[in-house]
Amino acid sequence: MDYFQYTHALVCEDVPKSITNGLSLDEHEPVDFEMAKKQHQVYLQYLENSGIKLIKISSNENHPDCVFVEDTCIALGNKIFITNPGAESRRNEVLAVKSKLEQVSKEINIFVSSVKDTNDSFIEGGDCMFTGKEFIIGTSTRTNQQGIEELKNFFSEYPFTICNVSQGLHLKSFMSMISPGVILISQTKEAKLIKEQIITRSKFGHSYNFVAVDQNCAANILVFNKHFITCLEYEHEYSKLEILNKDKRFRVENSEFKKIDGCLTCRSVFFTIS
Ligand code: CIR
Numbered sequence: 011m012d013y014f015q016y017t018h019a020l021v022c023e024d025v026p027k028s029i030t031n032g033l034s035l036d037e038h039e040p041v042d043f044e045m046a047k048k049q050h051q052v053y054l055q056y057l058e059n060s061g062i063k064l065i066k067i068s069s070n071e072n073h074p075d076c077v078f079v080e081d082t083c084i085a086l087g088n089k090i091f092i093t094n095p096g097a098e099s100r101r102n103e104v105l106a107v108k109s110k111l112e113q114v115s116k117e118i119n120i121f122v123s124s125v126k127d128t129n130d131s132f133i134e135g136g137d138c139m140f141t142g143k144e145f146i147i148g149t150s151t152r153t154n155q156q157g158i159e160e161l162k163n164f165f166s167e168y169p170f171t172i173c174n175v176s177q178g179l180h181l182k183s184f185m186s187m188i189s190p191g192v193i194l195i196s197q198t199k200e201a202k203l204i205k206e207q208i209i210t211r212s213k214f215g216h217s218y219n220f221v222a223v224d225q226n227c228a229a230n231i232l233v234f235n236k237h238f239i240t241c242l243e244y245e246h247e248y249s250k251l252e253i254l255n256k257d258k259r260f261r262v263e264n265s266e267f268k269k270i271d272g273c274l275t276c277r278s279v280f281f282t283i284s
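Per my numbering, the very first residue in the sequence shown carries number 11; after that it's consecutive.
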């Protein structure tokens, strides 16, 4: 299976006005709702124009962070695991995702399951990264060991490496995959700590090729079907990376989502129907 080749993506079709109250780790300038809406439409349009079939949920004003669907489910191939977000205000976001995926599972061949122990098992998709060989998962303020155990049971055919994310939001706030075995990662102190854990704890640790960028958010790019989506504001970092300039690269604005800790992968979940 080519793990980086996809047919579908789950997305939120619009941005709720309440995004201005989205969770964030730091003080920030107010989110500009109109601009966020535009930035999201550009993102969705690019996915659609690239031939990805979008499975859309509607936004919900009671869920300010609902556009960040990555945290609500984890997909590989045609298997999709619905999470139980560690952030309490985000927990009910999974209801719309579950009902949408169950509805489409009647038409397309996907296999959907969910966290069982919703009192004690917490996991968010932003802490989960598939490398082509294994899952690398971060324990964080949003993801705990019980949540990871449930994910492991669902994807029992793959190895798992667990790292601790002691600062920042999620594992993927510091890194993302460029291609199988190639990890784009920032050079900040925290990212280096996670990289050390990957190298020492994973049986594939020494086989990964780590490509470095300076800033955390620059290390989160979206890769699908030989397309790259990158943030315009880090262009100075990307233009010098040969590996990112071989295939199609689309540069987008992400300023409004970044204010509330949203990187590029957060707004979609890709999967594949054979
Ligand atoms: C949150 O704090 O949950 C949202 N404001 C941002 C979520 C970003 N999600 C992600 O990186 N996967």
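We put the CB at the ideal spot given by N, CA and C, even for glycine.
PHE234 has its CB no nearer than 7 Å to any heavy atom of the ligand CIR. Remark: three or more beta-carbon pairs, one from each stretch, lie closer than 8 Å, so the region 141-150 and the region 180-195 are flagged as touching. Going by DSSP, LEU86 is part of the beta strand (DSSP E) stretching over 83-86. Burial state of GLN15 is exposed, judged by a 10 Å Cβ sphere holding fewer than 16 other Cβ atoms. If you measure from each CB to the nearest heavy atom of the ligand CIR, the residues under 7 Å come out as GLY32, LEU33, SER34, ASP75, PHE78, GLU80, ASP81, ALA97, ARG100, GLU134, GLY135, GLY136, LEU179, HIS180, LYS182, SER183, ILE270, ASP271, GLY272, CYS273, THR275 and CYS276.
Listed as beta-bridge partners of LEU64 by DSSP are ALA19. In the three-state DSSP reduction, MET187 falls in the strand class (E or B). MET45 is classed as exposed because its beta carbon has fewer than 16 other beta carbons within 10 Å across all chains shown. Distance from the Cα of ASP271 is smallest, within the candidate group THR30, CYS22, ASP24 and SER34, for SER34.
Looking from the CA of LYS182, the closest CA among LYS162, ASN88, ARG277 and GLY157 belongs to ARG277. The criterion of a C-beta distance shorter than 8 Å is not satisfied by PHE267 and ILE239. The three-state secondary structure of HIS246, taken from DSSP, is helix. The C-alpha of SER28 is placed about 43 Å away from the C-alpha of SER217. GLU134 is not a Cβ neighbour of ASP75, given a cutoff of 8 Å. Scanning the region 250-277 from its first residue to its last, the whole alpha helix (DSSP H) runs of 4-plus residues come out as 265-268. Annotation: HIS237 to SER69 spans about 26 Å, alpha carbon to alpha carbon.
A direct Cα-Cα distance of roughly 20 Å separates CYS241 from ASP36. By the 16-neighbour rule on beta-carbons within 10 angstroms, LYS250 is exposed.
Secondary structure within the region 189-234: the alpha helix (DSSP H) runs of 4 or more consecutive residues, fully enclosed, are 199-211 (chain order). Listed in chain order, the non-local C-beta contacts of TYR56 below 7 Å within the same chain comprise ILE239 and PHE260, local neighbours out to five positions each way being set aside.
With respect to the C-alpha of LEU179, the residue from GLN51, HIS73, LYS269 and TYR53 having the closest C-alpha is LYS269.
Of the candidates LYS47, LYS48 and LEU86, the residue whose Cα lies closest to the Cα of LEU20 is LEU86.
Setting aside the 5 residues that flank it on each side, ARG211 is surrounded in the same chain by THR171, each with a C-beta closer than 6 Å to its C-beta; the list follows chain order.
In this structure, ILE120 lies near PHE281, with their beta-carbon atoms less than 8 Å apart.
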